[in-house]
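Inspection log for the structure reproduced underneath, given as structure tokens.
Number of protein chains: 2
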Amino acid sequence: MIDAISEKTVERLSLYRRILEGMAAEGKTSIFSHQLSALTGGTAAQVRQDMRVLGYNGSSANGYDIAQLIESIGLFFRGKGCHKAVLVGIGNLGRALLAYFAGRSPYMEIQAAFDTEPGKTGRVIHGCRCYPVDELVPIIRRETICTAIIAVPDQAAQQTADLLVEGGISGILNFAPTRIHVPAGIYVDNIDLTMSVEKVAYFANKKFKEKE
Amino acid sequence: MIDAISEKTVERLSLYRRILEGMAAEGKTSIFSHQLSALTGGTAAQVRQDMRVLGYNGSSANGYDIAQLIESIGLFFRGKGCHKAVLVGIGNLGRALLAYFAGRSPYMEIQAAFDTEPGKTGRVIHGCRCYPVDELVPIIRRETICTAIIAVPDQAAQQTADLLVEGGISGILNFAPTRIHVPAGIYVDNIDLTMSVEKVAYFANKKFKEKE
């Protein structure tokens with residue numbers, strides 16, 4: 012069953028967990044599928060389908076128990092046991108990501124950060140120890156790290172990906188704008204922040220003009 | 012023709028500009044469609060189609076002139092004349108985005124940042140002046156700003172969106188995890204960094220286990 016789980020399902024489960032934790036913090040104890048779908052922009056049927064992935068088969072006349080749901084989502088993400096990540100590139104973006112991700116996800120912890128510039132290594136930034144990039148491959152292997160975040164400048168992205176592959180990484184979140192090429196069997200997702208903001212600015216601009 | 016331009020086309024044009032600027036900096040003067048497509052993960056036919064959007068109709072026996080292409084992409088993005096943006100939420104993520112976006116895009120400039128916490132306002136961060144959120148609506152109106160970036164905590168996202176709509180914003184890039192509801196005619200794009208990293212960690216984890 013695990014093999015059939017789509018990226019979209021994993022995305023929604025990630026989102027549910029954070030919404031449910033917010034509700035638990037407010038003292039709420041149960042939630043109906045239509046309430047959860049209203050908060051995530053999906054449908055109640057989709058929420059119920061996602062719940063089946065977590066092992067909920069019955070009806071939910073009283074709604075889902077929030078604490079149990081959070082626990083089930085945790086089991087789903089923690090199932091395989093490998094949650095260590097590294098980050099490469101300690102520039103503005105890299106430091107920002109270290110600050111943002113520190114303690115944010117129970118399923119992913121950045122264990123070490125790397126850079127080619129000596130001035131950026133040999134210290135701790137937002138709780139994360141920073142090493143020269145020469146130590147990337149040995150540290151990935153020694154610590155059996157499976158996820159990496161690439162936050163290096165464009166020209167260094169492919170070279171960084173090659174090192175990560177050499178170290179044995181199996182998933183990469185790439186913030187550099189160009190595509191990286193990796194062997195089959197390694198999962199890659201790309202986030203291009205400049206593209207996203209230029210796209211929004213373009214359409215905002217267009218809609219702004221239409222109003223005039 | 013402008014109306015038919017898809018989000019994907021705008022995304023690719025954003026990416027082309029940055030790749031072409033990198034090549035121009037290396038002293039290159041022309042490029043073939045298949046060379047550009049190899050760098051962006053698309054096809055040469057798609058590159059040529061995107062070039063038609065920019066007004067290139069002829070064949071390109073000698074390739075495209077890089078300086079001219081950068082100029083054409085600039086005209087495309089700058090066409091409507093409204094490129095001012097604001098950012099709301101000066102926490103870790105907001106500060107990170109201010110650092111990252113400072114001077115990065117010629118088509119989008121963050122003019123002001125806002126927060127509800129008095130300690131975070133009344134100063135300049137990464138070249139951007141920070142104001143109390145009370146001043147958001149008047150500043151958007153006075154400066155005719157059309158793009159906004161939401162980097163506030165989840166619970167404050169909808170309230171922030173409501174203020175942005177009141178001010179007259181026409182495009183929003185939302186980094187808060189829950190969906191925001193805005194009137195039709197306002198362009199919204201969402202980036203959920205935690206979701207992205209948890210998704211990569213999940214699939215990395217799965218592939219890691221498959222190798223064992």
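Protein chains in written order, with our numbering: chain A, 12 to 223; chain B, 12 to 223. Where a beta carbon is used, it is the ideal one built from N, C-alpha and C, also for glycine. Quick caveat: nothing in here was measured; it's all calculated off a predicted structure.
Within its chain, find whatever has a CB closer than 8 Å to the CB of Pro164(A); leave out the 5 residues flanking it on each side and keep chain order. When the five nearest sequence neighbours on each side are left out, the beta carbons in the same chain lying within less than 8 Å of the beta carbon of Pro164(A) are those of Gly100, Gly102 and Ala187, in order along the chain.
Reducing DSSP to helix, strand and coil, say where Phe125(B) ends up. In this structure, DSSP gives Phe125(B) an extended state, which the three-state scheme calls strand.
Quick check: what's the CA-CA separation for Asp200(B) versus Arg106(B)? Cα-Cα distance, rounded: 20 Å.
Would you list the residues sitting across from Ser41(B) in a DSSP beta bridge? For Ser41(B), which the question treats as bridged, DSSP gives the partners Asp76(B).
Who are the neighbours of Ser44(B) on chain A, taking C-beta pairs under 9 Å? None at all; the shortest Cβ gap to chain A is about 16 Å.
Find the residues of chain B that neighbour Ala96(A), judging by a C-beta separation of less than 9 Å, and give them in chain order. Close to Ala96(A), with beta-carbon spacing below 9 Å, are these residues of chain B in chain order: Val208, Val211, Ala212 and Ala215.
Residues of chain B with a CB under 7 Å from the CB of Cys157(A): which are they? Under the 7 Å cutoff, chain B gives Ala215, Asn216 and Phe219.
Can you tell me where the beta strand (DSSP E) holding Ala96(A) begins and where it ends? Ala96(A) -> beta strand (DSSP E) spans Lys95 to Val99.
What residue from Ser41(B), Ile160(B), Met62(B) and Ala56(B) has the CA that sits closest to Ser25(B)'s CA? Among Ser41(B), Ile160(B), Met62(B) and Ala56(B), the Cα nearest to that of Ser25(B) is on Met62(B).
What residues are listed by DSSP as bridge partners for Asp231(A)? Any question about residue 231(A) goes unanswered here, given that chain A covers just 12 to 223.
Rounded separation between Ala167(A) and His45(B) - CA only: If you draw a straight line from the Cα of Ala167(A) to the Cα of His45(B), it is about 22 Å long.
Taking three-plus beta-carbon pairs below 8 Å as touching, is the region 33 to 43 of chain B in contact with the region 68 to 84 of chain B? At 8 Å Cβ cutoff, the stretches touch.
Just to check my reading of the structure: Thr158(B) and Ala96(B) have Cβ atoms closer than 8 Å, yes? What is that Cβ distance to the nearest angstrom? Their Cβ separation, rounded to whole angstroms, is 4 Å, which keeps Thr158(B) and Ala96(B) in contact under 8 Å.
Checking 7 Å against the spacing of the C-beta atoms, do Ala113(A) and Gly138(A) come in under that value? For Ala113(A) and Gly138(A), yes; Cβs fall inside 7 Å.
For the region 130 to 146 of chain B, which residues have a CB atom closer than 7 Å to at least one CB atom of chain A, in sequence order? Cβ contacts with chain A come from no residue of the region 130 to 146 of chain B.
Contact belief for Ile197(B) with Ile183(B) at Cβ below 8 Å, rounded distance in angstroms: Contact flag correct, Cβ pair sits at about 7 Å.
Please go through the same chain and pick out, in chain order, the residues whose beta-carbon is closer than 6 Å to the beta-carbon of Phe125(B), but skip the five residues on each side of it. So the list reads Val99, Tyr142, Val144 and Leu147, once near-sequence residues are dropped.
What is the C-beta distance between Glu35(B) and Ile84(B), in whole angstroms, given that I count them as a contact (C-beta under 8 Å)? It should be pointed out that residue 35(B) corresponds to Ala in this sequence rather than to Glu. Separation of the CB atoms of Ala35(B) and Ile84(B) is rounded to 12 Å, and the pair is thereby denied contact status at 8 Å.
What residue range is occupied by the uninterrupted beta strand (DSSP E) comprising Arg140(B)? Start and end: Cys139 to Pro143.
Considering only residues of the same chain and omitting the five flanking positions on each side of Leu204(A), which have a CB-CB separation below 8 Å? Cβ within range, chain order: Leu104 and Phe186.
With 7 Å as the limit, tell me which residues of the region 108 to 131 of chain B have their beta carbon closer than that to any beta carbon of chain A; keep them in chain order. Listed by position, the residues of the region 108 to 131 of chain B near chain A (Cβ gap below 7 Å) are Ala110, Tyr111, Phe112, Arg115, Ser116, Tyr118 and Met119.
Look at the alpha carbon of Ile30(A) and the alpha carbon of Ser48(A), and state the distance between them as a whole number of angstroms. Rounded to the nearest angstrom, the two C-alpha atoms are 11 Å apart.
Indicate whether Lys218(A) and Ser181(B) have their beta-carbon atoms separated by less than 7 Å. Closer than 7 Å, so yes.
Between which two residues does the beta strand (DSSP E) holding Ala113(A) run? Taken as a continuous stretch (DSSP letters only), Ala113(A) belongs to no beta strand (DSSP E), as it is neither H nor E.
Given a limit of 8 Å on CB to CB distance, which residues of the region 165 to 195 of chain B reach chain A? Result list: Asp165, Gln166, Ile180, Ser181, Gly182, Ile183, Leu184, Pro188, Thr189 and Arg190.
Would Val193(A) pass as a contact of Val176(A) if the rule is Cβ separation under 7 Å? In this structure, Val176(A) lies closer than 7 Å to Val193(A) by Cβ.
Would you list the one or two residues that DSSP bridges to Val135(B)? Note: Val135(B) sits in a beta bridge opposite Arg140(B).
Reference Lys222(B); option with closest CA among Thr155(A), Ile160(A), Arg190(A) and Met206(A): Per the Cα distances, Thr155(A).
So, at 7 Å on beta carbons, what are the nonlocal neighbours of Gln57(B) in its own chain, with the 5 sequence-adjacent residues on each side left out? Apart from sequence neighbours up to five positions away, the residues of its chain that approach Gln57(B) with a beta-carbon distance below 7 Å are Ser48, ordered along the chain.
Let me know if Lys131(A) comes out buried or exposed under the rule of 16 or more other beta-carbons within 10 Å of its beta-carbon. Counting every other CB atom within 10 Å of its CB across the protein chains shown gives Lys131(A) a total of 16 or more, marking it as buried.
Since Ala55(B) sits in a beta bridge, which residues does DSSP pair it with? Looking at the DSSP assignment, Ala55(B) forms no beta bridge with any residue, so it has no partner.
Alpha carbon of Gly179(B) to alpha carbon of Glu209(A), nearest angstrom: Taking the straight line from one Cα to the other gives about 19 Å.
Rounded Cβ spacing between Ala123(B) and Ile150(B) (contact assumed at less than 8 Å): Their Cβ separation, rounded to whole angstroms, is 6 Å, which keeps Ala123(B) and Ile150(B) in contact under 8 Å.
List the residues of chain B whose Cβ lies closer than 8 Å to the Cβ of Asp200(A), in chain order. Here the neighbours are Ser207, Lys210 and Val211.
DSSP-derived helix/strand/coil call for Ala159(A): Strand.
Residues of the region 27 to 52 of chain A in Cβ contact with chain B at a cutoff of 7 Å, in chain order, please. So the list reads Arg29, Ile30, Gly33, Leu50, Thr51 and Gly52, given in the order they occur along the chain.
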